[in-house]
Amino acid sequence: NRYDTMSSSGDAPSDANDGCVGPTSQKAGKASACAGCPNQSACSTGAFSSPAAVAAKQKERSELQTSLSNVSHVVLVLSGKGGVGKSTVSTQVAQSLSSRGYSVGLLDVDICGPSIPRMSGVMGQNVHQSQQGWEPVYANPNLAVMSISFLLEEGDAAVVWRGPRKNGLIKQFLTETDWGVGGLDYLIIDTPPGTSDEHISIVQYLNDARPMLTEDGHKKSGASGAIVVTTPEEVSMADVRKELNFCKKTSVPVLGIVENMSGLQIRVSDLSFHREGTNLSENGASSASDCTSDVLSLLREKCPEVLSMVASTEVFPTYGGGPKGMAEKFNVPYLGKLPLDTNLLKACEEGTSFVDKYPSSPATFPLNGIVDKLILALPVEDEEDGDEDMQE
3 NRYDTMSSSG
13 DAPSDANDGC
23 VGPTSQKAGK
33 ASACAGCPNQ
43 SACSTGAFSS
53 PAAVAAKQKE
63 RSELQTSLSN
73 VSHVVLVLSG
83 KGGVGKSTVS
93 TQVAQSLSSR
103 GYSVGLLDVD
113 ICGPSIPRMS
123 GVMGQNVHQS
133 QQGWEPVYAN
143 PNLAVMSISF
153 LLEEGDAAVV
163 WRGPRKNGLI
173 KQFLTETDWG
183 VGGLDYLIID
193 TPPGTSDEHI
203 SIVQYLNDAR
213 PMLTEDGHKK
223 SGASGAIVVT
233 TPEEVSMADV
243 RKELNFCKKT
253 SVPVLGIVEN
263 MSGLQIRVSD
273 LSFHREGTNL
283 SENGASSASD
293 CTSDVLSLLR
303 EKCPEVLSMV
313 ASTEVFPTYG
323 GGPKGMAEKF
333 NVPYLGKLPL
343 DTNLLKACEE
353 GTSFVDKYPS
363 SPATFPLNGI
373 VDKLILALPV
383 EDEEDGDEDM
393 QE
């Protein structure tokens, strides 16, 4: 399996064949597993094992380690399925952490579909080059954002790149972004859907950047962990199970599963009402069919307590045990349900912190709960407390 290759031979190219022996092996380019590999010719000539290649690899590792040396935790936001809300979760988790006073970086590695700049309110901004590297764009004093969107001349320009060029830019993001003198408490990385070259490469880069060992001496993932996002239906969960297997085979700890778009929740006072038989699919409803004002007036008169209630309905059918059952099956934490909430969509469109702008909205409490669990799983050490302990 390709992911097994990566875990056993961390220097293997991301497009290597199954069973790759590693580019620095004496059998590189000659083993039976090398047949048909796009790197076979380079490996057989020693292109990866030459002194120059080894030195270049060591330089790359050194640059990665230096650039991320002042980052406490790196969190990947993953999903095997597109359109399940990874960018929404990435952005709002980052916004919430920064609102609580943590220093946060938000890195958008969805090269072909960058959504983070709009959702964090920094569309149209540019990054600047300094002696320290690329200066990210700040959504607020505690939240630094980096995305390919800042490097494009036109916001609607299509990025038509093959894997190696995408991977090269991801490495640049990791090695050349200057996150500031004080560093970061959390680096949240929003990824594209699937388990493609970008995912394999970023895990490899993080392993090189943050070489760590477990208590028993085994290699530990450079990523602090992953938040895996899904919606409740099987079409989504089928792909998300592949993502969970990817995490298992690449030794990336799963911090938990977020069940996004789990039903629609909206205050009764925010609902619209239309007369039965109205066709809402064609150019919206006519003014004659809209009876919202009449219904709300009647409720205020007869049953005002109903207006503050939250109406809910299931939008996606839950399959089997749903995401919670999937979490139990894979023995990973379940972070909770995040309902569809119109105010959450507004916050993403406006580029604002949802929990700050809409503190009483239906999705605020569960989103705060997800952030609470993340902080509990990956606490940030208080340097002042640490210094006091040392002095004692």
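So the sequence shown is numbered by the working numbering: it starts at 3 and just counts up by one.
Cβ atoms here follow ideal geometry from the backbone N, Cα and C, with glycine treated the same way.
In the structure shown, T232 adopts extended strand secondary structure according to DSSP, grouped into three states.
Taking the Cβ atoms as the reference, G338 lies roughly 5 Å from P368, within the contact range of under 8 Å. Looking from the CA of I113, the closest CA among A349, I150 and G353 belongs to I150. Under DSSP, E261 forms a beta bridge with T232 and K339.
When the beta-carbon positions are compared, E235 and P138 stay at least 8 Å from each other. Take the alpha-carbon of L380 and the one of I229: they are about 12 Å apart. The criterion of a C-beta distance shorter than 8 Å is not satisfied by L66 and Y188. Nearest in C-alpha terms to L301, of all of G327, K326, V317 and D272, is D272. Per DSSP, the beta-bridge partners of Q131 are W136. Counting only the Cα atoms, N209 lies some 31 Å from G123.
Around the beta carbon of P116, a 10 Å sphere encloses 16 or more other beta carbons of the protein chains shown; the residue is thus reported as buried. Put simply, of M121, N72, V256 and L78 the residue whose alpha carbon is nearest the alpha carbon of K348 is M121.
Annotation for Y360: N345, A349 and T366 place their beta carbon closer than 7 Å to its own, counting only its chain and skipping 5 residues before and after. Distance from the CA of T179 to the CA of A54, rounded to the nearest whole angstrom, comes to 26 Å. One Cα belongs to H75, the other to M311, and the distance between them is close to 39 Å. Secondary-structure assignment with DSSP links M148 through a beta bridge to L109. DSSP places H201 in the uninterrupted alpha helix (DSSP H) bounded by D199 to A211. Under the rule that a run must span 4 or more residues, the alpha helix (DSSP H) segments found entirely inside the stretch 52-101 read 53-69 and 88-101.
Taking the Cβ atoms as the reference, V242 lies roughly 5 Å from G82, within the contact range of under 8 Å. A Cβ-Cβ distance of about 12 Å is found for the pair V79 and V254, leaving them out of contact under the 8 Å criterion.
Residues of the same chain with a CB within less than 6 Å of the CB of W136, apart from the 5 flanking positions on each side, are V129, E178 and T179 in chain order. Within the same chain, Cβ atoms closer than 8 Å to the Cβ of S46 are found at A30, G31, K32 and C36, the five residues on either side in sequence being excluded. By the Cβ-count criterion, R212 is buried, with 16 or more other Cβ atoms from all chains shown falling within 10 Å of its own Cβ.
Only buried fits A96, as 16 or more other CB atoms lie within 10 angstroms of its CB. Within its own chain, the residues whose Cβ lies closer than 6 Å to the Cβ of S314, once the five positions on either side in sequence are excluded, are G265 and Q267, listed in chain order.
With fewer than 16 other beta carbons inside 10 angstroms of its own, P40 counts as exposed. Per DSSP, the unbroken alpha helix (DSSP H) holding A329 starts and ends at G324 to F332. Distance from P341 to P364 at the Cβ level is roughly 6 Å; contact confirmed, criterion being Cβ atoms closer than 8 Å.
Residues S101 of the same chain have their beta carbon placed closer than 7 Å to that of D358, with the five preceding and five following residues left out of the count. D296 sits in a helix when the DSSP states are folded into three classes.
Going by DSSP, T366 is part of the alpha helix (DSSP H) stretching over T366 to A379. With 16 or more neighbouring CB atoms inside 10 Å of its own CB, V77 falls in the buried class. By the Cβ neighbour-count rule, K88 is buried, with 16 or more other Cβ atoms within 10 Å of its own.
N169 and V161 have their alpha carbons spaced roughly 13 Å apart. If the five residues before and after N19 are omitted, its C-beta is found closer than 6 Å to the C-beta atoms of A35 and C39, all from its own chain and listed in chain order. In the structure shown, the three-state DSSP call for V242 is helix.
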